[in-house]
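Sequence order for the protein chains is A and B.
Quick note: the first sequence uses my numbering, first residue 11, plus one each step.
Quick note: the second sequence uses my numbering, first residue 15, plus one each step.
Note that CB positions come from ideal geometry on N, CA and C, so glycine has one too.
All remarks here apply to the structure that follows.
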Amino acid sequence: MSNNSANWLTRFHRLGSPPSFYHLAGMLMPWVAFVCVALFAAGLYWGLVLAPADYQQGESYRIIYIHVPSAWMSMLVYAVLAASSAISLIWRMKLAEALARASAPIGATYTFLALATGSLWGKPMWGTWWVWDARLTSELILLFLYFGYMALVVAIEDKRTASRAGAVLALVGVVNLPIIHFSVEWWNTLHQGPTVTKFDQPSIALSMLIPLLLMAGAFKFHYLYAMLARVRVEILDSERRTAWVNTLVTQRPS
Amino acid sequence: MIEFFQMGGYAIYVWPAYAITAVALILTVVSPLRRRVQIICELTDVAAQDDANRSE
């Protein structure tokens, strides 16, 4: 039993080492890509073709299938950024630093998409591209938090010091997450309230909810793929003078 | 079919939203894939250089 658990621990430890994560990520990526493309195909077909038009918003509501998953991911990825920052501060784990650095630009992309698609939805429905209401403003602050993290991390020469400084910024920014989530309840906003995550029952028809969940799944796998690809680049870049990278490069058929 | 692309008159909002999303999602995946190949090429050059220096 103790032997077993020790085995499990060493395996977990080895997974955290840059070379084994690099190889594991390389093996996982084709499968992640496959699931991601399948979910996108199903979600897009269901959302754009099969799902009925909204009785109030007509066809314009179909922006929901990219807007809401982007907005969810913008917050989820920030949570990953903050969690891996905390781990890298406490245990000085290199892989956690790579995960944080890799996640920031992807999270910034989702945040940008949430704002851009929201703007394209707001124009026909509210009559304006932008309002300084609580939801939109707090999401914009999230974008600036991502930019701040990315700028800080590249500005400091020493990589490990840079990661530590970035980690502190990422953790301070966590206060923004509940503000974004509850902004539509705490303040009177133009943005509509939650439809899916309400505790009693989601106020969205099943024929619209299913494609939304498919798209949300597709975005999750997209993040997983982009994250694995970026962590591999981070590992390769910071370990370029090590023996294992050298064998990796020289054993490649050129 | 034409009806589908008209999106009930909201085509100028719906399709740009989908187009921006498609471009952004593809770029976030393609850029690290290209960067990895680029780093490996750099390192292969360095390794070849080392070999050449050693044989001289």
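With a CB to CB cut of under 8 Å and the five nearest residues on each side skipped, what residues in its chain are close to residue i?
i, result
"A:L238", "A35, L38, M39, V42"
"A:M11", "Because the pLDDT at A:M11 is just 47, under 50, the model does not fix this residue reliably, and the point stays unresolved."
Determine, using beta carbons only, whether residue i and residue j come nearer to each other than 8 Å.
i, j, result
"B:L41", "A:H232", "no"
"A:Q67", "A:M160", "no"
"A:A106", "A:L91", "no"
"A:A124", "A:W196", "no"
"A:I116", "A:S148", "no"
"A:A226", "A:P28", "no"
"A:R240", "A:A112", "yes"
"A:I245", "A:Y55", "no"
"A:Y88", "A:L187", "yes"
"A:P221", "A:G57", "yes"
Interface residues of chain A around residue i at Cβ under 8 Å?
i, result
"B:M21", "E69, S70, R72"
"B:A31", "I73, I76, H77, A126, T127, L130, W131"
If I measure Cβ to Cβ from residue i and keep anything under 6 Å in the same chain, skipping five residues before and after, which residues do I get?
i, result
"B:M21", "V28"
"A:D64", "Y71"
"A:G128", "H77"
"B:P30", "none"
"A:K133", "W139"
State the Cα-Cα distance for the pair residue i and residue j, rounded to the nearest angstrom.
i, j, result
"B:F19", "A:A126", "21 Å"
"A:S30", "A:L234", "17 Å"
"A:S264", "A:L109", "Note on A:S264: pLDDT 47, under 50, position unreliable in the model; the coordinate value appears next. Each residue's alpha carbon lies about 30 Å from the other."
"A:M85", "B:A62", "45 Å"
"A:L49", "A:R251", "39 Å"
"A:G183", "A:T199", "22 Å"
"A:L224", "A:G53", "5 Å"
"A:A177", "A:Q261", "36 Å"
"A:V259", "B:T58", "6 Å"
"A:I76", "A:F192", "21 Å"
"B:D64", "A:R242", "25 Å"
"A:N256", "A:E249", "9 Å"
"A:I73", "A:V141", "18 Å"
Which chain B residues are close to residue i, counting only those with a beta carbon under 8 Å from its beta carbon?
i, result
"A:V47", "Those do not exist, as A:V47 stays about 11 Å from chain B at its closest Cβ, beyond 8 Å."
"A:I116", "T42"
Which residues of chain B have a Cβ atom closer than 7 Å to the Cβ of residue i, listed in chain order?
i, result
"A:A63", "G22"
"A:V259", "I54, L57, T58, A61"
"A:I189", "Within 7 Å Cβ-Cβ: nothing; A:I189 doesn't reach chain B, min ~25 Å."
Check whether the Cβ of residue i lies closer than 7 Å to any heavy atom of the ligand ATP, and answer yes or no.
i, result
"B:R50", "Judged by which ligands are present, the structure shown has none, so any question about the ligand ATP falls away."
Identify, in the order they occur along the chain, each residue of the same chain with its Cβ nearer than 7 Å to the Cβ of residue i, setting aside the five sequence neighbours on each side.
i, result
"A:V47", "none"
"A:M218", "A61"
Next item on the list: Using a Cβ-Cβ cut-off of less than 8 Å, give me the residues of the segment 120-137 of chain A that come near chain B, in sequence order.
Entry: F122, L123, A126, T127, L130, W131, K133, P134
Notebook entry, point to check: In chain order, what residues of the segment 231-256 of chain A put their CB closer than 8 Å to some CB of chain B?
Noted result: H232, Y235, A236, A239, R240, R242, V243, L246, D247, R250, V255, N256
Margin query: Counting only Cβ-Cβ distances shorter than 7 Å, please list the residues of the segment 34-60 of chain B near chain A, keeping chain order.
Written below: I34, T35, A38, L39, T42, V43, P46, L47, R49, R50, I53, I54, L57, T58
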